[in-house]
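Asker: Handing you this structure, nothing more for now.
In the UniProt record's numbering, the protein residues as written are 1 to 213.
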């Protein structure tokens, strides 16, 4: 997958970079949004929602001629030239495509493509490339550290592929921000009954203790 090619090429190297694989639901959402022809406007949270991960991240690229997906992904990745690891002055509007593309805990991606005629948004036709990323990245509290720097795979030594990418991702994401706190205090109440809404909202905390997330 193209994204894995770029995820293995971050500098400094990543200790906890997960391998990404295709996600059908994310791809359906990305395709639907590409067909809306909204130029560089992102879909809303509901439109990027998946059952397993909640709202996913999104990158958009547009071009007036059709280009290979590798080119679109490379444009996103080259934002790294304006990114400094650990620097809190990194601007999400300048490097946000790059940071989402290499966000350590993202391990599912789905993409869509569409040719857009001139419309009320733009006066010229263009090609729209959209990728959705799950779980979502670009969390503000660690935006300057989209992954943990270190020897490749040192954060997942028994779950390593290509000597660069970790494979122990969690198949869920927490919907609530306080799942870990509740788990510490009320683990049984939160995690023992899988039929409850609270369990569903905190599945990652309840079921992925040893996963990268």
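C-beta: ideal position from N, C-alpha, C; glycine also.
For residue 134, list the residues DSSP reports as bridge partners.
Answerer: Beta-bridge pairing links residue 134 to 108.
Asker: Can you list, in chain order, the stretches of the alpha helix (DSSP H) that have 4 or more residues and sit fully within the UniProt domain "SCP" (2 to 141)?
Answerer: Listed in chain order, the complete alpha helix (DSSP H) runs (minimum 4 residues) inside the UniProt domain "SCP" (2 to 141) are 2 to 7, 24 to 34, 69 to 77 and 92 to 101.
Asker: For residue 191, which of helix, strand or coil comes out of DSSP?
Answerer: Three-state result, residue 191: helix.
Asker: Roughly how many angstroms lie between the CA atoms of residue 48 and residue 109, to the nearest whole one?
Answerer: Going by the C-alpha atoms only, they are around 12 Å apart.
Asker: Residue 213 lies in the alpha helix (DSSP H); which residues open and close that run?
Answerer: Counting along the chain, residue 213 falls outside any alpha helix (DSSP H), and DSSP gives it neither H nor E.
Asker: Just checking my contact of residue 54 with residue 133 at CB under 8 Å: how many whole Å lie between their CB atoms?
Answerer: Not really, about 12 Å apart at Cβ, beyond 8 Å.
Asker: Could you pull the DSSP bridge partners for residue 163 from this structure?
Answerer: None, per the DSSP bridge assignment.
Asker: Taking 8 Å as the threshold, find out whether the stretch 144 to 155 comes into contact with the stretch 169 to 183 through three or more Cβ pairs.
Answerer: The stretch 144 to 155 vs the stretch 169 to 183: no contact.
Asker: Measuring alpha carbon to alpha carbon, tell me which of 3, 105, 77 and 104 ends up nearest residue 96.
Answerer: When each option's Cα is compared against that of residue 96, the closest is 77.
Asker: When the Cα atoms are used, what is the spatial distance from residue 182 to residue 200?
Answerer: About 14 Å.
Asker: Determine the extent of the alpha helix (DSSP H) in which residue 206 is found, giving its start and end residues.
Answerer: 203 to 207 is the span of the alpha helix (DSSP H), which, as asked, contains residue 206.
Asker: Could you check whether residue 26 and residue 50 sit closer than 8 Å to each other, using their CB atoms as the reference points?
Answerer: Going by C-beta atoms, residue 50 is nearer than 8 Å to residue 26.
Asker: Report yes if the C-beta distance between residue 131 and residue 30 is below 8 Å; otherwise report no.
Answerer: Contact flag set, yes.
Asker: With distances taken Cα to Cα, identify the nearest neighbour of residue 167 among 90, 40, 52 and 106.
Answerer: Measuring from the Cα of residue 167, the nearest candidate turns out to be 106.
Asker: Could you check which residue in 144, 137, 101 and 113 has the C-alpha nearest to that of residue 214?
Answerer: Past the boundaries of the shown model lies residue 214; the chain is included only from 1 to 213, so the question cannot be answered.
Asker: Could you say which of 212, 127 and 196 lies nearest to residue 34 if we only look at CA atoms?
Answerer: Taking only the C-alpha atoms, the option nearest residue 34 is 127.
Asker: In the DSSP output, which residue or residues are listed as bridge partners for residue 169?
Answerer: DSSP lists 212 as partners of residue 169.
Asker: Closest to residue 146 by CA distance: which of 4, 16 and 1 is it?
Answerer: Comparing Cα-Cα distances from residue 146 to each of 4, 16 and 1, the minimum goes to 16.
Asker: Looking at residue 179: is its Cβ nearer than 8 Å to the Cβ of residue 121?
Answerer: Going by C-beta atoms, residue 179 is not nearer than 8 Å to residue 121.
Asker: Tell me whether the beta-carbon of residue 102 lies closer than 8 Å to the beta-carbon of residue 10.
Answerer: In contact: residue 102 and residue 10 (Cβ atoms closer than 8 Å).
Asker: Would you mind sorting residue 104 into buried or exposed? The rule is 16 or more other CB atoms within 10 Å of its CB.
Answerer: Buried, by the Cβ-count rule.
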